[in-house]
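In the working numbering, the protein residues as written are 548 to 868. Don't be surprised by glycine CBs; every beta carbon is placed ideally from N, CA and C.
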Ligand SMILES: [Zn+2]
């Protein structure tokens, strides 16, 4: 199967009322864990890397790790997605690396500037058949360079934004938050916003900052010498509700980081003599795969890989023009 576009994968998800996880990766074990989960649950998958991940891996390493995922899994729809691209230059670079989808995040700029930059990115990306995700409104919390004050998405403005930019997916701010230290208590998501935008158009919607920050993992980290303060994430039940209301992509990063840290710490605590990276990164990879598989099942993605044939970027390009 060729590399899949976000547009096709989310179009399918939206029609059948499930969501596809956007799972972040920074190294080989994370890419493998995500792919193991997709194989096990027979799910389409969005492998995503932030600008930070591109820099950390000197661009070329993450590119080939992702290409390895494609080569190893010809039967699965796989989207290679740039998460939170900050500038036109980064988007160009990601497309040059072979990504089939990019996010341009100009959500911290004024509405007019957000429209202008996003439109420019769409004009460029669609020439290659590459899909574009953009964001309107701002999330709280911290995700690498992304620091935000919360500003929920205005549904009316969202419809205008989509019409003026021609994007393929819209990230909405509905009260979720980036990072591991999200909320003091269970968050209340503004699902009315999702409902209203979903009602008004066919654009697939994306939820960022949607890790659940499992208590079990935090306790394990702290039991094994870590010091993570108390925090709540977005419960799976809330995510499932949001999917019912019209969310088609759910971004998860912090939970993967936590499960890796919790596992590595546990191995070190139990076996202080171990020093072969395979002996702690191997179990970490296994645990992350289990966690991602459980999310794929919860989001309704499991079993969906066989539902459709992936169209090529060339074919996707023809559909835009
Ligand atoms: Zn995000």
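Within the same chain, and ignoring the five residues on either side of residue 669 in sequence, the residues whose Cβ sits closer than 7 Å to its Cβ are 679, 712, 713, 714.
Burial state of residue 710 is exposed, judged by a 10 Å Cβ sphere holding fewer than 16 other Cβ atoms. Bounds of the alpha helix (DSSP H) holding residue 712 are 702–712. Residue 760 is a Cβ neighbour of residue 802, given a cutoff of 8 Å. Burial of residue 798 is indicated by the presence of at least 16 other C-beta atoms within 10 angstroms of its C-beta.
Residue 652 is a Cβ neighbour of residue 632, given a cutoff of 8 Å.
Nearest in C-alpha terms to residue 654, of all of 638, 698, 612, is 698. For the 8 Å CB-CB criterion, residue 812 and residue 773 form a contact. Relative to ligand 1, even the nearest heavy atom lies 7 Å or more away from the CB of residue 673.
For residue 764, the enclosing alpha helix (DSSP H) begins and ends at 762–770. Collapsing the DSSP output to three states places residue 823 in coil. Residue 655 has its CB no nearer than 7 Å to any heavy atom of ligand 1. Restricting attention to 648, 837, 778, 818, the CA atom closest to the CA of residue 726 is found in 778. When the alpha-carbon of residue 636 is set against those of 612, 665, 624, the nearest one is in 665.
With a 10 Å radius around the Cβ and a threshold of 16 neighbouring Cβ atoms, residue 553 comes out buried. Setting aside the 5 residues that flank it on each side, residue 593 is surrounded in the same chain by 567, 569, 626, 628, each with a C-beta closer than 6 Å to its C-beta; the list follows chain order. Within the model, the alpha-carbon separation for residue 793 versus residue 868 is close to 27 Å.
By the criterion of at least three beta-carbon pairs nearer than 8 Å, the region 593–605 is not in contact with the region 840–855.
Shortest gap from the CB of residue 755 to any heavy atom of ligand 1: under 7 Å.
With a cutoff of 8 Å on beta-carbon distance, residue 828 and residue 576 are scored as near each other.
An exposed status is given to residue 622, since fewer than 16 other beta-carbon atoms sit within 10 Å of its beta-carbon. For the alpha helix (DSSP H) assignment, the uninterrupted runs of no fewer than 4 residues enclosed by the region 778–862 are, from N- to C-terminal side, 783–792, 801–817, 824–846.
Only buried fits residue 752, as 16 or more other CB atoms lie within 10 angstroms of its CB.
Using a cutoff of 7 Å, the CB of residue 725 counts as near ligand 1, since one of the ligand's heavy atoms is closer than that. Between ligand 1 and the CB of residue 628, the shortest heavy atom gap is not smaller than 7 Å. For residue 658, the enclosing alpha helix (DSSP H) covers residues 658–672.
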